Structures are given as structure tokens and as C-alpha cells.
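*Asks:* Residue numbers (this note's numbering): 2 to 332.
Pasting in a structure now, in C-alpha cells, and then I'll have a few things to ask.
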């Protein structure tokens, strides 16, 4: 019983390490645009995002339940499987943050979980319907964000076409504080849920919980940890998204953040875990494309795309290799 409890504690610690790294990398999702437009200082933006990420983590647990039980039966998941998945996701997210590449925490976590489960039990224990739901949401959400960003920006251009650029920037400089707040809130609603789901799944598999209802203490530590990761910064990622991808003004930041918030909150309401990185990046591209296609630095977008493509298989492979290694150490 003591060894079992110690292993659960270790799983929670590694899960929170990933949660911190995810908040560190995904800080850019919430604040890159508002920093690049100079509406808020970097410190103010980070603190605002950290607080609202914390609040957003309490709003729903539907995404947590999808992650925790939608893809695999928690009773078929061992402690070592969960530990392998979380460690894989943490290592990849940490590495990508250090090199300044925005990646999907969702892809990292899902890839790690699938790789560890397959290494342990084979493909038969995976829930095809749940996997399909998650992958569909991850693939469709960037397209939704791209279109939403484009449409919202076109509407704003039409509504404010008679106003001077200076007046438009003054108006949206204030409105962008509201839009970035919703972006940070929706980020916490979606991303903190994923780690909540993994920790709850581990507690159910070990018999500490009977259902996938997320305990309050799990919600609290995940919310605090993600908020702390966001407060830590991730400045290289912020520069990649906010300054290198496309040159934007406050009106563009408002349009991108509004489109991303709508997409993320819609996905969270359906319990669909999506990538905030994918969504905000595609929204920025959609907004930038309303001026001209050359307004988007597609070369930077291509590098981000490569990181997205690599994340799922890389984390699955890392977790698949970690599982037998950790299993041997635990014997």
C-alpha cells in the first residue's frame, strides 16, 4: 500500500511538472498578441494570463473526463503507463519551450498516453470512438480558427473603414484587454483540464476514486500550477508567435483573440480537447491574411507546422520507450 501511494504521489508530481511546462509554453497563446501590440507590458500581460488561467480551470471538467476515460478505460491503465505518458509529455514540452517553439500540449499528452498504453496492453484497449473524437477536434479546430479570424477581421475592417488608423488603434487598444482576458480564461478552461483528467484517471485505476468526477483538490493544484507556469513566461515562444508570425496592431490582436476564445470555449463546452496553440496561431494567420497573403510569414508558420506534426508521434515513441524502462525499475 505504501509503494502504491508513493507511486501515485510521483505521478501527481510529474503531471504537475507537465502542467507547469504547458503553462510556460502556452503563455504565448494568451498574451503574445497583446504584448506585440504593446497594449500591455509583458509583466502585466503574464500576470493577467496567470490569474485568468487559474480561474478558467474551475469552469468545467468535461474536457478532463474526455482525456481521463474517453480514449481508454481507466481500469486498464497502470500507474507506470500514466507515469510514462506524463514524463514523455513533460520532456517534449520543456524541450520545445526552451528552443522557442509553440507546440500543442494536447498533442504531447495524447501522444504520450497512447504510446504508453499501446506499449503496455496493445492497440485493443484503446477506445476508437474517443480517439476519433479527440483527433477530429484537434484537426478541425485550426481550420475553424483560421476562418473565424478571417471573418471577424473582415467585419471589423468594414465597420471601421471610415475611422482613422490612429482612432481604430485607440479603440481596440482598450478592447484588446477584454479579448485577451477571455483568451486566457478559455485557455485555462481547456488546457488545465487535461492534467486533471490524467490525475483522476490514475486515482480511479488505483481504486482511490470510484468515478471520473474530478476532486476539488485536483482542480485546485492543477489550476495553481498552470497559473504559475504562465507567470513564469516562456518569452521565446511569445516572440515567435507575437512578433515573428505576423505584424499586428491592436485591432488584429482583438480579432485573433476573439476568434480563438470563441473556438476554445465552444470546444470545451462539448468536452473536446483542442490545442490552444493550433487555434491562436491559425487565428493570427487568418487575421493577417485579410491584408495580403504576404503579411503572414509563412516560413515561421511552416516551422510551427512541423513541430505540430512531430509532437504526436514523438511523444508516443518516447512514452513507448519509457514504459518498459520504468516497468523494469519498478519491479
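Think of the CB as a built atom: it goes at the ideal place given N, C-alpha and C, for glycine as much as any other residue.
Being a predicted model, the structure only gives us computed values, none of them experimental.
Just list the residues that DSSP pairs residue 73 with in beta bridges.
*Replies:* Answer is 127.
*Asks:* Once the 5 residues before and after residue 105 are set aside, which same chain residues still bring their CB inside 7 angstroms of it?
*Replies:* Same-chain partners within the cutoff: 276, 278, 279, 309 and 312.
*Asks:* Helix, strand or coil for residue 208, going by three-state DSSP, please let me know.
*Replies:* Coil.
*Asks:* Strictly under 8 angstroms for the Cβ-Cβ distance: is residue 308 near chain B by that measure?
*Replies:* No chain B is part of this structure, which consists of one protein chain only.
*Asks:* Judging by CA-CA distance, which residue of 322, 41, 46 and 58 is the nearest neighbour of residue 194?
*Replies:* The shortest C-alpha separation from residue 194 is found at 58.
*Asks:* Would a C-beta distance cut-off of 8 angstroms place residue 170 and residue 251 closer than the cut-off?
*Replies:* Contact: yes.
*Asks:* Using beta-carbon positions only, say whether residue 316 and residue 142 come within less than 8 angstroms of one another.
*Replies:* No. Outside cutoff.
*Asks:* Using 10 angstroms around the beta-carbon of residue 218, count the other beta-carbons present and answer buried if the total reaches 16, otherwise exposed.
*Replies:* Residue 218 is exposed by the Cβ-count criterion.
*Asks:* Roughly how many angstroms lie between the CA atoms of residue 146 and residue 154, to the nearest whole one?
*Replies:* Answer to the nearest angstrom: the Cα atoms are 12 angstroms apart.
*Asks:* Taking the straight line between their C-alpha atoms, what separation do you get for residue 161 and residue 38?
*Replies:* So the two alpha carbons sit approximately 19 angstroms from each other.
*Asks:* Specify, as a first and last residue, the run of the alpha helix (DSSP H) that residue 251 falls within.
*Replies:* Taken as a continuous stretch (DSSP letters only), the alpha helix (DSSP H) holding residue 251 covers 251-270.
*Asks:* Can you tell me whether residue 324 is buried or exposed, with buried defined as 16 or more other CB within 10 angstroms of its CB?
*Replies:* Label assigned to residue 324: buried.
*Asks:* Skipping 5 residues on each side, what residues in its chain have a beta carbon closer than 6 angstroms to that of residue 8?
*Replies:* Excluding positions up to five away in sequence, the list reads 80.
*Asks:* Pick helix, strand or coil for residue 85, following the three-state DSSP scheme.
*Replies:* In the structure shown, residue 85 sits in a helix (DSSP, three-state: H, G or I).
*Asks:* If you count every other CB in all the chains shown that lies within 10 Å of the CB of residue 253, and 16 or more means buried, which is it?
*Replies:* Label assigned to residue 253: buried.
*Asks:* Hey, quick one: how far does the alpha helix (DSSP H) through residue 48 stretch, first residue to last?
*Replies:* Here the alpha helix (DSSP H) through residue 48 covers 43-57.
*Asks:* Give the list of continuous alpha helix (DSSP H) stretches no shorter than 4 residues that lie fully inside the region 138-226.
*Replies:* With a minimum length of 4 residues, the continuous alpha helix (DSSP H) runs that stay inside the region 138-226 are 166-207.
*Asks:* Count the CB pairs spanning the region 91-107 and the region 199-215 that are closer than 8 angstroms, and state whether there are at least three.
*Replies:* Not touching, per the Cβ criterion.
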